[in-house]
Ligand code: SF4
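In my numbering, the protein residues as written are 12 to 348.
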């Protein structure tokens, strides 16, 4: 059989498609990875078509794929289907890294689920309370691959075996990217020390980087308590990138948004806005700054994520000059912690 695996969003390798590919190959099938929901002129007739979408903004791509191949099996958080691979009869034959020949790291989950319950997030509903999923030895592809780990855990330190995982990371001299972020609101001194003891990295394994989030203005105290604990343990705020959800809070104003933003910048934390819903939303002012009312939260996101905020104030940012930058979905594969 010839199988089309369609990755509709996300920059990182798609675990579900890798598992599907390994399973099909074990049955003697050929698999091909495609990124587009459109049927190319030169594509063969497939015996089966799969699609995977992580983000809700991929709804149109999901629709397009189903128009091209009405029998396509589409899953993932952004597909509207909660069907699991087990439910469609896919057995565990590991991951087919061959789908991503340029990807040298190892990827996966050491735990599933989350202790918290953020209103915009499906993880607690889909996965429930934290449970262990795999060891580091189980995730690592082995030599000669670099000891680089993309951990997709939504609540690494909520996992019941996190101390063992940290020991494995440290003793094995792994570099690790906590791609989904760590839960800074429940970060203890012990966790801070553990983080300081390992080689945490950004998603390209070049820079020291920890990802976290400050989504709700009401979480200011636990957020900065976590930053201070990290700093005391030896992790400077400059190593921290904080996703800030924008457009979700019904009472959001420019003033409230800039409160979060300015606090983080003043502390040395790097903000990374993630827009919830419509990027064209214009927030009410909520304060005295009457020159930003016409700009959208998408403009704010670009201004920050291009780094232009370091060079000029938002009021002087001309929205017509919009360089292509990493945006939501290019970067983070799931919910911000
Ligand atoms: S956003 Fe992060 S912390 Fe909140 S429920 Fe989802 S996974 Fe947990």
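Backbone N, C-alpha and C define an ideal beta-carbon position, used for all residues, glycine too.
Where do the N-terminal and C-terminal ends of the beta strand (DSSP E) with residue i fall, by residue?
i: residue 15; result: 13-18
i: residue 86; result: 84-86
i: residue 43; result: 41-45
i: residue 221; result: 221-224
With DSSP as the reference, identify every bridge partner of residue i, one or two as the case may be.
i: residue 321; result: In DSSP, residue 321 forms no bridge with anything.
i: residue 67; result: Answer is none; residue 67 lacks a bridge partner.
i: residue 62; result: 17, 85
i: residue 142; result: 123
i: residue 159; result: 186
i: residue 286; result: 257
i: residue 215; result: In DSSP, residue 215 forms no bridge with anything.
For residue i, name the three-state secondary structure that DSSP assigns.
i: residue 135; result: helix
i: residue 250; result: helix
i: residue 96; result: coil
i: residue 122; result: strand
i: residue 243; result: helix
i: residue 281; result: strand
i: residue 256; result: strand
i: residue 22; result: coil
i: residue 54; result: coil
i: residue 90; result: helix
i: residue 329; result: coil
i: residue 117; result: strand
i: residue 347; result: Annotation note: pLDDT 39 at residue 347 (below 50); position unreliable, coordinate value reported separately. Residue state, collapsed to three classes: coil.
i: residue 210; result: strand
i: residue 104; result: coil
i: residue 228; result: helix
i: residue 233; result: helix
i: residue 109; result: helix
i: residue 76; result: helix
i: residue 262; result: coil
i: residue 238; result: helix
i: residue 291; result: coil
With distances taken Cα to Cα, identify the nearest neighbour of residue i among the options.
i: residue 173; options: 123, 184, 213, 216; result: 123
i: residue 229; options: 260, 276, 253, 250; result: 260
i: residue 44; options: 133, 191, 52, 63; result: 63
i: residue 66; options: 110, 18, 83; result: 18
i: residue 166; options: 141, 157, 188; result: 141
i: residue 80; options: 27, 59, 53, 198; result: 59
i: residue 120; options: 38, 244, 176, 71; result: 176
i: residue 40; options: 170, 15, 184; result: 15
i: residue 287; options: 98, 139, 130; result: 130
i: residue 183; options: 96, 147, 170, 212; result: 147
i: residue 186; options: 289, 324, 157; result: 157
i: residue 23; options: 92, 246, 256, 114; result: 114
i: residue 208; options: 231, 238, 245; result: 245
i: residue 291; options: 284, 306, 197; result: 306
i: residue 263; options: 234, 232, 227, 235; result: 227
i: residue 108; options: 258, 30, 216; result: 30
i: residue 324; options: 92, 240, 273; result: 273
i: residue 303; options: 310, 136, 326, 222; result: 326
i: residue 350; options: 294, 311, 297; result: Since the first residue of the chain shown is 12 and the last is 348, residue 350 is not available in this structure.
i: residue 294; options: 270, 271, 266; result: 266
i: residue 164; options: 134, 32, 97; result: 134
i: residue 54; options: 72, 13, 170, 77; result: 13
i: residue 161; options: 251, 198, 139, 188; result: 188
Considering just the uninterrupted stretch of the alpha helix (DSSP H) at residue i, what are its terminal residues?
i: residue 29; result: 26-37
i: residue 197; result: First-last for residue 197: undefined, no H or E at that position.
i: residue 275; result: 265-278
i: residue 309; result: 308-316
i: residue 147; result: 147-150
Length-filtered (3 minimum) beta strand (DSSP E) runs lying within the stretch 162-187: none
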